[in-house]
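First up is the structure itself, then whatever we jot down about it.
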Ligand code: COA
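Numbering (this note's numbering), first residue to last: 35 to 406.
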């Protein structure tokens with residue numbers, strides 16, 4: 035059976051935090067920290083925290099704001115993390131809840147009854163718990179039969195999820211696969227780290243991958259997918275159940291997101307642009323036939339370089355749209371938000387590329403063509 039993308043869905047949190055609000059809270063936190071450590075700073079034992087700046091953030095990343103599931107905690111200099119109440123096991127988990135909302139959006143768009151779905155994949159960077167799988171909870175909440183599981187390929191999870199879903203359809207394991215990307219990145223972000231406190235935002239996306247014969251008339255053909263991984267410590271998060279016994283472990287910087295941003299930039303740009311170019315060749319698609327690239331939303335300068343290398347000229351907003359300014363980096367969901375928000379104008383026969391990349395390193399490409 036030939037797999038296609040039938041529909042996508044999006045859930046956006048209600049609270050937005052501007053760079054100005056974020057910098058104000060970080061700088062207030064840094065001032066308090068410097069005051070509390072003034073003796074050690076004076077003796078040279080520790081370095082004083084330097085202030086963050088709105089101008090730096092926008093210039094270095096292209097980010098102007100981010101959505102979060104809890105604003106009160108992240109902008110309070112005395113808290114600096116989201117306040118998310120634990121829920122009883124009988125209640126739907128917050129990660130499943132946002133995934134279900136995005137999923138319903140995709141199902142409604144496709145006119146699909148949950149009973150006709152055969153599998154659910156939850157592909158995201160940070161699962162809320164070890165088990166049971168988030169995907170199984172989503173499956174249960176939607177009343178879906180079949181099988182479900184979680185997968186984590188960091189920021190590349192969605193393209194890896196689309197290929198996995200497409201493989202299930204090809205193999206006849208399922209005719210309709212729901213792939214969700216709930217990302218509460220505010221929980222893994224160190225809001226007191228000046229180098230990265232501005233990077234991430236929360237969101238949830240969903241993609242419905244189905245056999246062509248049951249898909250709605252308007253859908254997206256999958257022309258080809260390609261995945262790649264190459265080990266690197268340059269983006270890492272050591273949080274896990276093996277360090278639970280270390281009383282100082284939880285909350286220490288390396289138990290949250292850490293990165294060597296410059297190295298990531300330098301190493302991932304060529305890896306991704308080479309991968310896109312060889313896929314274009316393999317699929318016999320000329321760069322001029324590519325109407326749009328929905329790239330992973332991590333950094334505007336990175337996307338500018340990747341797009342220019344592939345197209346041979348500086349990409350316009352139409353060729354490589356951004357959602358980074360409004361959403362920041364939403365990990366696996368970024369390229370899917372871009373696709374969801376910037377694809378309605380496609381005419382049948384027009385081709386585009388969904389591409390994600392990130393920790394691992396990992397990268398995935400999904401070339402699509404509008405049908406209908
Ligand atoms: N406010 C003001 N200045 C800041 C700052 C902040 N919040 N954070 C860093 N700076 C300063 C640094 O101290 C440094 O100053 P120096 O030159 O005097 O030492 C300068 O700005 C440059 O810092 P650097 O970290 O090298 O910035 P950069 O231009 O590389 O941009 C990133 C930082 C993270 C935005 C960029 O490297 C990036 O996006 N990399 C790829 C990230 C990525 O895709 N990650 C994947 C995550 S899934």
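Beta carbons are placed, not taken as given, at the ideal position from N, Cα and C, and that holds for glycine.
- Measuring C-alpha to C-alpha distances from residue 328 to each of 337, 322 and 136 identifies 337 as the nearest.
- Of 47, 395 and 42, the smallest CA-CA separation from residue 217 is found for 47.
- Sorted by position in the chain, 86, 87, 90, 94, 95, 189, 228, 229, 295, 296, 298, 299, 332, 333 and 392 make up the residues whose C-beta lies under 5 Å from a heavy atom of the ligand COA.
- DSSP places residue 363 within a strand segment (E or B) once states are collapsed to three.
- Each residue's CA atom was taken as its position, placing residue 395 and residue 313 some 18 Å apart.
- Rounded to the nearest whole angstrom, the C-alpha separation of residue 103 and residue 161 is 15 Å.
- The DSSP assignment places complete beta strand (DSSP E) segments of no fewer than 3 residues inside the stretch 42-66 at 49-52, in order along the chain.
- With a cut-off of 8 Å on Cβ pairs, the stretch 143-152 is in contact with the stretch 201-216, counting three or more such pairs.
- Under DSSP, residue 404 forms a beta bridge with 254.
- Assignment of residue 223 by DSSP, reduced to helix, strand and coil, places it in the coil class.
- Under the rule that a run must span 3 or more residues, the beta strand (DSSP E) segments found entirely inside the stretch 102-164 read 153-157.
- Between residue 239 and residue 63, the beta carbon gap of about 31 Å keeps them out of contact (Cβ cut-off 8 Å).
- Contact check for residue 194 against residue 203 fails: the beta carbons are separated by 8 Å or more.
- Fully enclosed beta strand (DSSP E) runs of no fewer than 3 residues occupy 324-329 of the stretch 270-347, in order along the chain.
- In terms of CA proximity to residue 242, 41 leads the group 326, 41 and 35.
- Here residue 356 carries a coil assignment [DSSP, helix/strand/coil].
- Per the DSSP secondary-structure output, residue 37 pairs in a beta bridge with 245.
- In chain order, 406 place their CB closer than 6 Å to the CB of residue 251, counting only its own chain and leaving out the 5 sequence neighbours on each side.
- Approximately 7 Å separates the beta-carbon atoms of residue 254 and residue 403; this is inside 8 Å, confirming the contact.
- Counting C-beta pairs closer than 8 Å gives fewer than three between the stretch 92-109 and the stretch 65-79, which falls short of the contact rule.
- Looking from the CA of residue 60, the closest CA among 79, 119, 248 and 107 belongs to 107.
- Pairing residue 363 with residue 235 gives a Cβ-Cβ distance under 8 Å.
- Using a 10 angstroms sphere on the CB of residue 123, the tally of other CB atoms stays under 16, which defines it as exposed.
- If you ignore the 5 residues before and after residue 300, its C-beta comes within less than 7 Å of no other C-beta in its own chain.
- A contact between stretches requires three or more CB pairs, one per stretch, nearer than 8 Å, and the stretch 354-361 fails this requirement with the stretch 293-312.
- Given a length threshold of 4 residues, each whole run of the alpha helix (DSSP H) inside the stretch 167-245 is given here in chain order: 168-176 and 191-205.
- Within the same chain, Cβ atoms closer than 6 Å to the Cβ of residue 57 are found at 86 and 88, the five residues on either side in sequence being excluded.
- Of the residues 354, 297 and 151, the one whose Cα lies closest to the Cα of residue 325 is 354.
- Boundaries of the alpha helix (DSSP H) harbouring residue 90: 88-95, taken from the DSSP string.
- Minimum Cα-Cα distance from residue 132 among the listed residues 215, 231, 198 and 399 corresponds to 215.
- Nearest neighbour of residue 266 by Cα position, chosen from 392, 111, 352 and 77, turns out to be 392.
- DSSP, read as helix, strand or coil, puts residue 377 in coil.
- Its Cα nearest to that of residue 388, the residue 341 stands out among 294, 181, 341 and 172.
- The alpha carbon of residue 401 has as its nearest neighbour, out of 352, 309 and 357, the alpha carbon of 309.
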